[in-house]
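Right, one structure below, let's go through it.
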Amino acid sequence: LMIESKAPAVSMHQKKERARILAGQSLGVEVDLRPTALTSSADVFNVLRLLVQRKPRDISWRTKYSYMIAESVQFIDDCSSPTAEKKVQNQVRISGFVRGRPLDVNRLVHVSGVGTMLIRKLDVLHPESLRKRGNPEFSLQPKHATDATSMVTTEHQDVELWDTFYRNEDEAEPLQHAAVPDLTFAEQTWPPEPEANGLNENYDEEIEMEIAEQKVGNAEEDDDEDNGDLPEEIVCDAGSDRDEMEEDEFDGEQARREKRLARADDQKFPDEVETPLERPARDRFARYRGLKSFRTSPWDPKEMLPESYGRIFEFSDFPATRKRVLADEQKRCKEFERGEITGMAGVGSFVQLELEAEPACAVAVKLFELTQKKMPVVLCGMLPMENRRTVMQMGINLLCPADRPDQGPVIRNKEELEIHTGFVRLLARPIFSEDNANCDKNKLERYLHPGRYTIASAFGPALLGPAPVLV
Numbered sequence: 001l002m003i004e005s006k007a008p009a010v011s012m013h014q015k016k017e018r019a020r021i022l023a024g025q026s027l028g029v030e031v032d033l034r035p036t037a038l039t040s041s042a043d044v045f046n047v048l049r050l051l052v053q054r055k056p057r058d059i060s061w062r063t064k065y066s067y068m069i070a071e072s073v074q075f076i077d078d079c080s081s082p083t084a085e086k087k088v089q090n091q092v093r094i095s096g097f098v099r100g101r102p103l104d105v106n107r108l109v110h111v112s113g114v115g116t117m118l119i120r121k122l123d124v125l126h127p128e129s130l131r132k133r134g135n136p137e138f139s140l141q142p143k144h145a146t147d148a149t150s151m152v153t154t155e156h157q158d159v160e161l162w163d164t165f166y167r168n169e170d171e172a173e174p175l176q177h178a179a180v181p182d183l184t185f186a187e188q189t190w191p192p193e194p195e196a197n198g199l200n201e202n203y204d205e206e207i208e209m210e211i212a213e214q215k216v217g218n219a220e221e222d223d224d225e226d227n228g229d230l231p232e233e234i235v236c237d238a239g240s241d242r243d244e245m246e247e248d249e250f251d252g253e254q255a256r257r258e259k260r261l262a263r264a265d266d267q268k269f270p271d272e273v274e275t276p277l278e279r280p281a282r283d284r285f286a287r288y289r290g291l292k293s294f295r296t297s298p299w300d301p302k303e304m305l306p307e308s309y310g311r312i313f314e315f316s317d318f319p320a321t322r323k324r325v326l327a328d329e330q331k332r333c334k335e336f337e338r339g340e341i342t343g344m345a346g347v348g349s350f351v352q353l354e355l356e357a358e359p360a361c362a363v364a365v366k367l368f369e370l371t372q373k374k375m376p377v378v379l380c381g382m383l384p385m386e387n388r389r390t391v392m393q394m395g396i397n398l399l400c401p402a403d404r405p406d407q408g409p410v411i412r413n414k415e416e417l418e419i420h421t422g423f424v425r426l427l428a429r430p431i432f433s434e435d436n437a438n439c440d441k442n443k444l445e446r447y448l449h450p451g452r453y454t455i456a457s458a459f460g461p462a463l464l465g466p467a468p469v470l471v
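Below is the structure:
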């Protein structure tokens with residue numbers, strides 16, 4: 001007697017659930033996504049209803065700011081030409097829709113990749129006159145101004161100004177970014193650094209950011225003590241018959257291979273430093289300080305600071321300052337909504353800003369280059385004290401292939417990097433240190449190693465984070 005066994009019947013619900021699980025597994029780390037099976041027209045309508053009723057989540061770091069994407073950029077005076085030699089006031093006129101939070105005329109604004117400016121004048125355009133404005137790349141020009149209302153001429157029609165606000169110097173945030181150094185402080189004991197003798201008055205013009213010196217000693221000497229020599233076994237003769245292009249490619253590949261070997265050696269022996277034979281060890285490690293215990297030995301954070309630290313701002317309690325500033329801004333926004341204060345443009349308003357920055361023509365040239373490259377111009381209103389220069393601490397992780405982490409990019413300590421944090425984009429040479437929150441001292445790292453978070457320290461604006469960082 002033979003009995004034929006049959007597989008249990010699989011219901012439609014079980015098939016849907018299995019398909020949903022398989023689809024979820026294919027999404028990998030995207031845990032916030034939920035697959036939905038579309039097997040009938042009713043399922044399609046359910047998904048459409050879900051999309052309509054779904055409210056997008058707010059981006060936490062962006063909700064603190066007012067920002068806009070410029071629809072029109074216009075240069076005033078001679079700053080629109082990069083070759084302009086005449087030193088004039090650096091003024092730019094930008095227009096666009098306000099997003100996020102109301103824009104305050106007494107706050108500073110930061111143009112991503114360009115710099116920080118102050119608002120001289122803020123014009124709010126009447127919404128009824130913007131319905132048929134036509135080409136979004138119109139150019140705004142002042143026609144005339146009266147005490148009551150004024151008109152702005154565009155390429156298509158006259159646009160009525162609803163409100164006009166001017167900067168109040170008594171209440172406005174200053175454009176100053178650096179502190180005045182006090183050379184009488186006893187902690188400024190290091191000799192002047194050659195690259196830090198002159199203080200640039202414009203923070204955003206500092207292309208090569210000064211280095212935030214580590215307190216464990218002179219990290220620059222650690223990085224540069226290899227004398228630039230390569231081991232004899234990997235030094236090859238390029239050959240006389242190789243053309244210049246192949247020779248450059250060969251040298252580049254050899255340099256990358258050498259950097260990977262150096263990073264692997266540093267990861268294997270992180271606490272070892274070779275002593276040069278031609279230099280006494282007491283001179284090589286003259287700026288080092290011995291510690292009996294890295295965890296428990298006392299450490300004076302203000303001892304032997306470089307001279308550049310006298311030009312940055314120190315916060316006695318940064319979390320309390322951040323909490324107070326955000327609370328004050330929230331209060332001002334509510335007062336503006338109730339009509340108790342003026343000098344602000346509401347969310348959704350189309351505004352025209354007259355901006356000014358120093359030194360003359362420096363910021364306008366960068367803005368001119370952005371417009372020539374057809375790149376978007378993004379502007380955000382900075383919170384109070386965010387323009388102050390301080391030491392930024394950023395937690396970064398090197399992204400590389402999971403199966404071959406050693407094939408990722410090799411980034412050395414103090415290498416020039418372009419850093420994007422929030423709306424701010426700047427060039428800096430950060431110092432890497434170990435991410436250790438359980439100790440008041442951090443170990444220096446000569447390379448950015450894959451597979452772990454590293455603290456990058458550099459001079460920058462005192463942003464009221466948290467904010468994402470992209471290097």
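If you use full-length UniProt numbering, the sequence shown corresponds to residues 1 to 471, in order. Ideal placement from N, C-alpha and C gives every residue a C-beta, glycine not left out.
Sheet register partners of residue i (DSSP bridge)
i	result
N397	Y453
T390	G460
S95	S72, Q352
Y447	R412
R425	H420
F432	E445, A456
V124	D163, V351
G290	None, per the DSSP bridge assignment.
P177	First, the residue type needs correcting, since residue 177 is His and not Pro in the sequence shown. Bridge partners of H177: none, in fact.
D104	M344
Y67	R99, C380
V469	T421
G115	V111
Supposed close pair residue i, residue j - CB separation, criterion 8 Å
i	j	result
V469	I419	7 Å
V105	Y166	7 Å
P461	R389	7 Å
F97	G343	The Cβ separation is near 19 Å, so there is no contact.
F318	K441	Not confirmed; about 19 Å, so no contact.
V73	L367	7 Å
L370	V92	The Cβ separation is near 11 Å, so there is no contact.
V114	V424	About 11 Å separates the two Cβ atoms, so there is no contact after all.
R311	A172	Actually they do not touch by this definition, with Cβ atoms about 22 Å apart.
Residue from the options whose Cα sits closest to the Cα of residue i
i	options	result
S40	M12, R18, Q53, V52	M12
S433	E335, M375, R412, L108	R412
Y309	P276, P298, V180, D58	V180
L161	A178, I396, V124	V124
Q176	T164, D170, L417, M117	M117
F269	R446, L108, R311, E307	R446
E71	L353, P430, N397	L353
L463	F97, H110, G96, I94	H110
D265	H449, R338, V391	H449
F459	A437, E416, R452, K441	E416
K121	V114, R99, G115, D163	D163
I59	V391, M304, R99, E272	R99
F414	I94, R425, R429, A42	Sequence check: residue 414 is Lys here, not Phe. Checking every option, the nearest Cα to that of K414 belongs to R429.
F313	V391, V52, A255	V391
K64	I396, R452, Q330, D170	Q330
S95	V471, P376, G252	P376
T296	N168, Q407, C439	C439
Sequence-distant residues of its chain with Cβ nearer than 8 Å to residue i (five each side left out)
i	result
W61	G422, G465, P466, A467, P468
K16	A37, T39
K373	none
P409	L398, C400
G228	Confidence at G228 is low in this model, with a pLDDT of 37, below 50, so its placement is unreliable and the value that follows should be read with caution. For G228, where only same-chain residues beyond five positions count, there are no Cβ hits under 8 Å.
A437	none
D328	P384
V44	L38
L326	K64, L383, L464
Other residues of its chain near residue i: CB distance less than 6 Å, five sequence neighbours each side excluded
i	result
K443	E434
L261	none
S150	Its pLDDT being 36, under 50, S150 is placed unreliably in this model, and the value from its coordinates should be taken loosely. Result list for S150: L161, in chain order.
E195	In this prediction, E195 scores a pLDDT of 38, lower than 50, which makes its location untrustworthy; the coordinate-derived value is nonetheless stated afterwards. Hits under 6 Å: none found.
R257	none
G346	P102
R289	none
A320	none
Cβ-based neighbour list, residue i, same chain, cut-off 7 Å, excluding 5 preceding and 5 following
i	result
A281	T275
Q393	I455, S457
C333	R101, P102
E386	P461, A462, L463, L464
G395	D435, Y453, I455
D271	none
Checklist entry - Taking contact to mean at least 3 C-beta pairs separated by less than 8 Å, is the segment 374-383 in contact with the segment 92-104? => result yes
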